[in-house]
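The opening position of the sequence shown corresponds to residue 1 in the UniProt record's numbering, with each subsequent residue numbered one higher. Note sheet for the following structure.
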Amino acid sequence: LGLPKTATADDIKKTYRKLALKYHPDKNPNNPDAAEKFKEVNRAHSILSDLTKRNIYDNYGSLGLYIAEQFGEENVNAYFMVTSPACKALFLICGIITGCYCCCCCCCCCNFCCGKFKPPTPEHGGDYHHLHREGASSSHAGEGSAVTEQPTRRLEVV
């Protein structure tokens with residue numbers, strides 16, 4: 001709308017009405033650019049009229065409004081704090097100091113990729129003694145046989 005950041009609600013309202021009349025599609029039927037400009041004026045007015053959206057726009061610009069649409073207005077400050085270079089540097093420094101990145105690399109690469117420190121696999125047995133092989137005799141009748149037909153309904157006469 002071409003207003004300063006210190007514009008009051010009355011200034012916003014006056015400027016909006018003036019621009020809305022100027023670019024209204026009914027007043028400019030042969031100008032498709034006027035319809036687009038009218039949509040922009042309406043969007044700007046809706047943002048500047050809402051105090052929360054106006055504060056987000058004043059602090060972070062149009063990117064802040066996009067983030068507010070994606071993550072919610074209450075999460076905008078948290079998003080920009082987490083994505084700040086200072087937070088990224090702090091995360092990197094903490095990982096290096098604690099050795100967490102080295103531990104993750106050693107556990108994932110050496111244990112799984114190379115297999116140097118992989119624990120030995122059990123020879124026979126293990127914790128599989130309760131499982132039975134297919135075709136082996138079972139103490140439970142009917143467990144090993146497969147069901148091949150649908151059950152039938154029995155009618156009882158009273």
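By construction, the Cβ of each residue, glycine as well, lies at the ideal position given by its N, Cα and C atoms.
- Contact between the stretch 42-50 and the stretch 8-19 is present: three or more C-beta pairs spanning the two stretches fall below 8 Å.
- Excluding residues up to 5 positions away in sequence, Met81 lie with their Cβ nearer than 8 Å to the Cβ of Cys87 in the same chain.
- Two segments are said to touch when three or more pairs of C-beta atoms, one from each, lie closer than 8 Å; by this definition the stretch 53-60 touches the stretch 70-78.
- In the three-state scheme derived from DSSP, where H, G and I count as helix and E and B as strand, Leu51 is classed as helix.
- Judged by DSSP in its simplified three-state form, Arg43 adopts helix.
- Per DSSP, the unbroken alpha helix (DSSP H) holding Pro85 starts and ends at 85-98.
- In its chain, beyond the 5 residues on either side, Phe38 have a beta carbon closer than 7 Å to the beta carbon of His24.
- The beta carbon of Ala78 is closer than 6 Å to none in its chain, skipping five residues each way along the sequence.
- The beta-carbon separation of Leu3 and Asp11, rounded to 6 Å, stays under the 8 Å limit for a contact.
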